[in-house]
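Have a look at the structure below before the remarks.
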Amino acid sequence: MLKSSEIDKEKIIFLLGGHDLEMCTIKELLCEQGVRYFDAGLRWDNARLSAYAPVLEQYGNSPDWTICGVELEADVQELDNYKAVDHHNENSDKPSALEQVAEILRVPLDRYQQLVAANDKGYIKAMTDADLQVTDAEITDIRQRDREAQGVTDRDERLAQMAIYDHKEDCGELVIVKALSTKFSPICDRLYPYDNLLIYMDDRWCFYGKKTDQVRQLFTQKESVYLYSGKEYVGLKDGAVSKEEVQSMVNRIRRVFFRSYHIFYFPFRWSLNGDKERAFSKQVDLSRIPISDFSQWRRVQLDPAEVCRPRDEKEQQEACELFGERQYFLEFVHPVLYDVKGKEDPILFHYERNEPQVKRVEYHIELKDRTYTLQVESMNINLYATGVGILSFFLKNDCPDQWDPNAILDINQFGRRVMPPHSNEFSQKSRGMIARSISITGLSGDEQRYRDTFDYGLNAQGNRRGLHSVWSPASFIENLIIDLSPALKVVPVIDDRMLVNCWYGNTELANKAKGDSERTDDKFEYSDFWYRYVFVDKSTELTCQNTGMKKNLLDAATYCRWQNYGSLYGISRYSMVLLTNEDSFARDVLSMHMRTIYSRMFELVIAQRASMLRFSGEVTEVSCLKLAPGLNAANKVIAQRIGSLYKEYIRFVNQIYFRSVTAQDQGIEMYNMLLGQFDSDEQIKDLDQEIGELYQYVTLLVDQNRSENGEYLNKLAAIFLPATVLAGIFGMNPVKDLEGDWGFWVHTALIVGLSLLGYKFIKNIGGRNQ
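According to the working numbering, the residues represented by the sequence shown are 572 to 1341, in order.
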C-alpha cells in the first residue's frame, strides 16, 4: 500500500468517483493545485474503477505514476501503483475522501472545505459537532450545494415533499418514508433531526441513524455484498435484488424497532408415574425427570467461575444484561433465579428452546376480525424442586399495526388464555373471552402440534375435549412440555390463564399519565385504560362497576415513583405492566429491565405462590390417608411422608421464599407490592400452620407408639419378675431334690407357673385401676 508521504504530487493522477459536493470540492482542489485528474461524470450507483479502463491501460503499473481512485468500487484488479481513497464500508474509520486528498497533496483545508468534509463524513451532526461554530445559514448552504452536486432537481425536491406528506410512517424511534424519486437526500434534509430514518423504493433502500450497526447485522454475509455503508448509514445498492427481497429487507429493519413487549408465564404442577405413593422429597427430585434425547430444549446453566468472553455482539448484549441482573439481586437469591452449575441438590433446572435463537418463530393470536403476530424471542421452562414449573414466552411486538392501545389489550387478554373459562366459550361463534386459535410457527416438527383451536364439545366423545376436560391446558403448551420430557404429567396451578408481564411505549398515553389533575375522574391512573391494562381486562364492560372499589384496586396496584416522567408501573395478582413514552431510553433500558430484572422477580413470586399451592395439595393428600390403630407399617409410611413434606417445606422457606431479594429501593418496593398482591404473607402463615399441625400430629402419633412400646416392655418385665426373684434366691443351679430326668421340666414348669400368677396379678390390678 502506497503511503501519502511517498507520493510525488507532480506524478499523480486522480480518478474521480460519484458526484456529490465532496467530489466537486476535490475536483476544485485538484484544479487549484494543478494536479492531473480524470472525471468520467459518474454517479454513486455506477462509480466503478472499470469506468477508467483506458487510463488504467495507459498508466497502470508504471513506476513513474501513482493512480489514486477516489470512492471507486474496485471491480477490476488493482494495480501496483494504485491507491484507493475512500471512507465507506470497511474504510469507514478513515477521514473523509477530501481530507485524505488534502493529506496526499500536503495542503491544509479552509473553513468551507472543512465543512464539506464534515458533511460528507457525518452529515449535519458532524458539522455541528466540529469546532467550527457553524451557523444555520452555512448548514443550509452546504446541504443545498450537496443536493445540487448529486443532481437533485426541482422535481426531485417536490417529490420528496410529496413522499413525506403521503408516505411517511412514524414508528416511534423509526421514521419510514417510501420515496417517489431515486434522490433520497431531499427527504433526509427535510426530516432532520431524526433518531433513525429508513427511505426505500422498490429497488433500493437506505437507513440512517443511531441503530446503523444493529441494522447492518441483520443481513447475512451473502447479502452484505449488495450493501454500502458508512458510520451512521447503510443502504442497498440500486437494483441488486428483487422487489420482493427489498420488501423483505425493509420488514426486517422494521423489526429492530418495537413498541411493546409481552411475556406470558404458564405455572404448572409436575409429577411422574407412581409419585402418589412416594415421599414428597422423592416426588420433587429434579434428577428423576427423564429428558428426551431428541429434544429441542437445552439446559442452560450459569457457571459463576467461567470467565465471560462474548464471541459476538449478541452474546455481549446478553452477557451485559445478565451481569446487570446478578448485580441487582442479592447473592443468596441467585440459586432460585439461575440454574447454577456445580451446585449440589439444585433448586432449579432451566431449559431454553433452540429454534428462536436461530430463526424467526412467531406466536399467532387469531380473533374473529384479525390475527395478532408476535416474534418469539425466547421460550423457557423452569423446573423447581418443589414440584412446580413455569413455561414462559418472550414475545416482541414488531408490527406497527399492532401498536394501538386496543391491540395491546387484545394481545394480553387473548394471548394468555389457554383454556375456556366456561362452556359458552366452546363455540367459536359465541366466543368472547378466548381466541379462535393460538399457534406457534417456526418450530421444528409438525406445526399442528403447536396450534390449538380450543375445539371443545358439549357431547364430546373419544379423545375430543369436552365438559370432562377440566383444567386441561392448550395442546401447544402440553406438547412443548412433552418435547422436553414425555414422562412429565402437567396440571395448571394458580390460574386457568397465563400471567402477563408487559412493557408498552406510547408517548400520547405517557404524557397523559404525567398530568397531576386535582379531580379523581381526570387522573390517568384511575382511567378505564389503565384499569384494563393492569388487570388484563378487555371485556365490553369493566369488570369493576363500583367507582370506589375501582379506585382502591388501582391505588393498591399502581407504582407511581416515575409518573412525572410518564412511566407508570402496574402490579396485580396476574400481571406486571409498565407504560412509558417511546424514546430510546424507554425502549432500550426500561423495556430491557422489564424482560430481565423484573421478569426474574415476577417469576420468583409466581414460583413461590405455585409452590405454596403444591405444598397445600400435598398436605391435603397426606391428611386424607387412613391411620390404623396402634403401631403398623402403614403408619410408619405416613409419618415418613409427613416428615419428608416438612423437610421440603423448611427448604422452601429458607431457599425460595425471601423477605427481601435486592438492596435497590425500587426493587424492594415493587417486590413488596408483588408479595402483597399475591397475599404471600398470609398464605405462608396459613401453610405454616397447616404443615405445623400435621407435623405435630405425626409427632404425637410417634410419641404414642413409643409409649405403647414402653408399656409392653414394662408388662413383660413384670411377668418375668417372679422367675427373676426365684433365680436370685436359689441361684442358677438346680435344686438338689428336683434333680433327675424330669428336673429340667419341673424347673421350667415352676418358672412358668410363677410367671402366669404374676401376669394374672398385674392384669387384675390394671383392671381395678381402669
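By construction, the Cβ of each residue, glycine as well, lies at the ideal position given by its N, Cα and C atoms.
Item	Value
6 Å CB neighbourhood of Arg716 in its chain, flanking five on each side removed	Leu592
Rounded separation between Lys1109 and Arg849 - CA only	44 Å
Option in Leu1014, Lys853, Lys885 and Gln928 with minimal Cα separation from Lys1218	Lys853
Nearest neighbour of Ser518, chosen from Arg1002, Val1148 and Gly1214 [CA to CA]	With the chain represented from 572 up to 1341, any question about residue 518 goes unanswered, as that position is not in the structure.
Short Cβ contact (9 Å threshold) for Leu1070 with Ser1182	no
Cα-Cα separation, Met572 to Lys654	Because the pLDDT of Met572 is 46, which lies under 50, any placement of that residue in the model is unreliable, and the question is left without a value.
Bounding residues of the beta strand (DSSP E) (the contiguous stretch that carries Ile952)	Thr942 to Tyr955
Val1107 beta carbon less than 9 Å from that of Ser539	Shown here, the chain extends from 572 to 1341; a query on residue 539 therefore has no answer.
Segments assigned beta strand (DSSP E), at least 3 residues, entirely inside the region 882–940	919–924 and 933–937
Euclidean distance between Cα positions of Arg1068 and Arg987	6 Å
Beta-carbon contacts of Asp874 that lie in its chain and below 6 Å, excluding the five residues immediately before and after	Lys912
Under 9 Å between C-beta atoms of Leu945 and Ile982	yes
Bounding residues of the alpha helix (DSSP H) (the contiguous stretch that carries Tyr1145)	Where Tyr1145 is concerned, there is no enclosing alpha helix (DSSP H), given that its DSSP letter is neither H nor E.
For Leu1221, the three-state DSSP class (helix, strand or coil)	As written in the sequence, residue 1221 is Ile, which differs from the Leu given in the question. Helix, per DSSP.
Best match in Asn977, Ile1009 and Asp975 for proximity to Met990 [C-alpha to C-alpha]	Ile1009
Whole-angstrom distance between Ser1098 and Leu1149, CA atom to CA atom	15 Å
CB-CB length for Thr1167 against Glu896, believed under 8 Å	5 Å
Ile1227 and Tyr955 closer than 9 Å at C-beta	yes
Pro927 to Thr1191 span [Cα, whole Å]	40 Å
Complete beta strand (DSSP E) runs within the region 1064–1125 (minimum length 3 residues, chain order)	1070–1076
Own chain partners of Tyr797 with C-beta closer than 8 Å, once the 5 adjacent residues on each side are dropped	Leu807, Lys808, Ala811 and Val812
6 Å Cβ shell around Lys692 - same chain, five flanking residues per side excluded	Ser667
8 Å CB neighbourhood of Thr1270 in its chain, flanking five on each side removed	none
The region 749–763 touching the region 714–734, judged by at least three CB pairs closer than 8 Å	yes
Helix, strand or coil at Gly589 [DSSP, three-state]	coil
Contacts around Asp1023, its chain only, beta-carbon distance under 7 Å, and the 5 residues preceding and following it disregarded	Ser1008, Ile1009, Ala1045, Ser1046 and Phe1047
The region 970–985 contacting the region 899–906, beta-carbon criterion three pairs below 8 Å	no
Straight-line Cα distance separating Lys580 from Ile675	8 Å
For Leu573, the three-state DSSP class (helix, strand or coil)	Summary for Leu573: the model assigns pLDDT 49, below 50, so the residue's position carries little reliability; its value from the coordinates is reported in the next sentence. Reduced to three states, the DSSP call for Leu573 is coil.
Helix, strand or coil at Val1176 according to DSSP, with G and I counted as helix	helix
Collapsed DSSP secondary structure at Thr637 in the structure displayed	strand
Collapsed DSSP secondary structure at Glu740 in the structure displayed	strand
Sequence-distant residues of its chain with Cβ nearer than 7 Å to Tyr763 (five each side left out)	Ile695
DSSP three-state assignment for Tyr1021, whether helix, strand or coil	helix
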